[in-house]
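Protein sequences appear in the order of chains A and B.
Residue numbers for the first sequence follow our numbering, so the first one is 50 and each next one is one higher.
Residue numbers for the second sequence follow our numbering, so the first one is 50 and each next one is one higher.
Below is one structure; the comments refer to it alone.
Number of protein chains: 2
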Amino acid sequence: MSRKISSTGIERLALYYRYLTSVNGSEEAFISSEKLAKAVEHTAAQVRRDLSCFGTFGTPGRGYNRAALEAKLSGILGKEKCRNVVLVGVGNLGSALLAYKGFQSQCYTIVAAFDNDTRKIGKHLKGLEIQDIRKLSAVVSQTRAKMAIISVPADAAQGVVDALILAGIQGILNFAPTRVVVPEDIMLQHVDFSIKLDRLCYELEHA
Amino acid sequence: MSRKISSTGIERLALYYRYLTSVNGSEEAFISSEKLAKAVEHTAAQVRRDLSCFGTFGTPGRGYNRAALEAKLSGILGKEKCRNVVLVGVGNLGSALLAYKGFQSQCYTIVAAFDNDTRKIGKHLKGLEIQDIRKLSAVVSQTRAKMAIISVPADAAQGVVDALILAGIQGILNFAPTRVVVPEDIMLQHVDFSIKLDRLCYELEHA
DNA sequence: GAATGTGAAAATCTTCACAGCT
DNA sequence: AGCTGTGAAGATTTTCACATTC
């Protein structure tokens, strides 16, 4: 046991977890690495390797107990404690993210939304009042949010990121179509769909 | 020259391209691998390696000619021919994607939008009429679209993907929070932000 | 018999470091 | 002097294959 998980492996763990929680009831109590792999379009060896990084909880000859595996993954991923998230940038995309059910059904709650557009500030959306970005610091410490989602224009992204870090945010999910710089101890993930579309385009071109 | 580009390298190429097109004018005519790397948060060696996979067009001692590099990348990525894209699933996220400027400013045009909700069909959004999903096949052949974006619920994704492929679509950008199966010759990319948020959560937990 | 957990091999991706060009 | 292009080394990730356990 106990090789370090690969960084892509972490995303697979999240896929395993989502799969397990999405098929509810009326299933066998055990699932094999083979079946789990099929469900998320990966390989059985990879499933076993990923899971083995966190201990050994499969049963040879049977597979993994679904309920136990789900619980274990929940723990590994840190989903026990539900997490408060703030969102910055309530444009088209930001509004869609506010409404997105996938976050809530997992363990995340968007507890505040910010914008710098005075026409939006004060309005309500999905039960949240859009707040002035200048209140960021106060609200972050008040809600003890550790994660932020930013969906602002590319040229505003770095400034917002800096402000978030100053306010105490430790992890940022960036939807702005640009790269930003953060200190070593701040976690950052990009969701960059124009790049993904470009990649698709490339692959079509070179098929 | 001429090692095969890594699959992550392709996404970097798209980043280089976006960076070059985003800084307009008033720049040096040449840019070094070092500077380009900085701009997109990668390394100089990686930039040179990625580019070298498609020929040699840097100038030792000077760097890369910005305009030439931009043109070259455009060619590599297949951006010459602007590409018609259809979108399936006009919910919150789909609507935001329709409005997203980033696609247009690159070479993509969303030429049709589909949904299966009779309350939405016939309505107009961003100058497009939302069409009945059953017209998919006709519209795809008419517009000669080769790429599709899907933003439908997870449980509808596979069905939509199958229909798209039947209609002649060759590349799919999937925003549905689930994995789908496609034949070998169909290109598929996932934009899976609940997974990215989970990864952020994991990294916060194990920082 | 069936499926895990894991060394070892293979494949892929990144970095080093430097010869060679401008 | 400055920077590219690239072999070679290194690091990471995936796959193979099988002894071991239930």
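No residue lacks a Cβ here, since even glycine has one placed at the ideal position from N, Cα and C.
Pairwise C-alpha distance: residue j and residue i
i	j	result
G217 (chain B)	Q191 (chain B)	11 Å
S81 (chain B)	V240 (chain A)	27 Å
I244 (chain A)	P109 (chain A)	42 Å
R183 (chain B)	K175 (chain B)	21 Å
E254 (chain B)	A148 (chain A)	26 Å
G208 (chain A)	L246 (chain A)	26 Å
A206 (chain B)	V189 (chain B)	18 Å
D181 (chain B)	L213 (chain A)	43 Å
F152 (chain A)	T158 (chain A)	7 Å
R248 (chain B)	D204 (chain A)	25 Å
G140 (chain A)	R228 (chain A)	19 Å
L146 (chain A)	V89 (chain A)	24 Å
P226 (chain B)	A63 (chain A)	11 Å
R97 (chain B)	K121 (chain B)	14 Å
A197 (chain A)	I235 (chain A)	11 Å
Y65 (chain A)	L85 (chain A)	7 Å
D166 (chain B)	A256 (chain B)	44 Å
H91 (chain B)	E233 (chain A)	15 Å
D99 (chain B)	G112 (chain B)	14 Å
C131 (chain B)	I125 (chain B)	13 Å
G74 (chain B)	I54 (chain B)	30 Å
I179 (chain B)	R193 (chain B)	18 Å
P202 (chain A)	F224 (chain A)	9 Å
L118 (chain B)	L215 (chain A)	37 Å
S56 (chain A)	E252 (chain B)	10 Å
Q238 (chain A)	T105 (chain B)	32 Å
L177 (chain B)	Q155 (chain B)	19 Å
S101 (chain B)	R67 (chain B)	19 Å
V210 (chain B)	H173 (chain B)	24 Å
I59 (chain B)	K87 (chain A)	27 Å
S123 (chain B)	S123 (chain A)	43 Å
N133 (chain A)	N133 (chain B)	39 Å
Partner residues on chain A for residue i, Cβ-Cβ distance less than 8 Å
i	result
Q207 (chain B)	Result: empty, since nearest Cβ-Cβ is about 12 Å, beyond 8 Å.
R52 (chain B)	The premise fails here: R52 (chain B) is roughly 15 Å from chain A at the closest Cβ pair, so nothing lies under 8 Å.
Y113 (chain B)	Chain A residues near Y113 (chain B): none, gap ~19 Å exceeds 8 Å.
A256 (chain B)	Q219, D234, M236
L222 (chain B)	F242, K245, L246, L249
In DSSP terms, what residue i is bridged to
i	result
Y113 (chain A)	A:I80, A:G107
G176 (chain A)	Beta-bridge pairing links G176 (chain A) to no other residue.
D181 (chain B)	B:D164
Q238 (chain A)	A:L222
Y251 (chain A)	For Y251 (chain A), which the question treats as bridged, DSSP gives no partner whatsoever.
T158 (chain A)	A:N133
I199 (chain B)	B:V137, B:N223
8 Å Cβ cutoff met for residue i and residue j
i	j	result
G171 (chain A)	K195 (chain A)	no
C250 (chain B)	K150 (chain A)	no
Q95 (chain A)	R61 (chain A)	yes
F103 (chain B)	L222 (chain A)	no
F79 (chain A)	R115 (chain A)	yes
G143 (chain B)	S186 (chain B)	no
V160 (chain B)	V135 (chain B)	yes
E83 (chain B)	A93 (chain B)	yes
With 16 other Cβ atoms within 10 Å as the buried cut-off, status of residue i
i	result
G107 (chain A)	buried
V72 (chain A)	exposed
V230 (chain A)	exposed
K169 (chain A)	buried
L69 (chain A)	buried
Chain-ordered neighbours of residue i on chain A, where CB pairs are closer than 9 Å
i	result
E90 (chain B)	R228, V229, V230
F103 (chain B)	Correct list: empty, because the minimum Cβ distance to chain A is about 11 Å.
S81 (chain B)	The premise fails here: S81 (chain B) is roughly 18 Å from chain A at the closest Cβ pair, so nothing lies under 9 Å.
L142 (chain B)	L142, A145, L146, A148, Y149
Contact list for residue i against chain A, beta-carbon separation under 7 Å
i	result
I59 (chain B)	R248, Y251
V240 (chain B)	V240, F242, K245
Closer than 9 Å at the beta carbon, the chain B residues around residue i
i	result
F152 (chain A)	F242, S243, L246
A63 (chain A)	D241, S243, I244, K245, L246, D247, R248, C250, Y251
Per-residue contacts from residue i into chain B (C-beta, under 7 Å)
i	result
G127 (chain A)	C250, Y251, L253, E254
K84 (chain A)	Ordered by position in chain B, no residue passes the 7 Å Cβ test against K84 (chain A), which lies about 14 Å from the chain.
Chain-ordered chain B contacts of residue i [CB-CB under 8 Å]
i	result
Q34 (chain A)	Given a span of 50 to 256 for chain A in the structure shown, any question on residue 34 (chain A) remains unanswerable.
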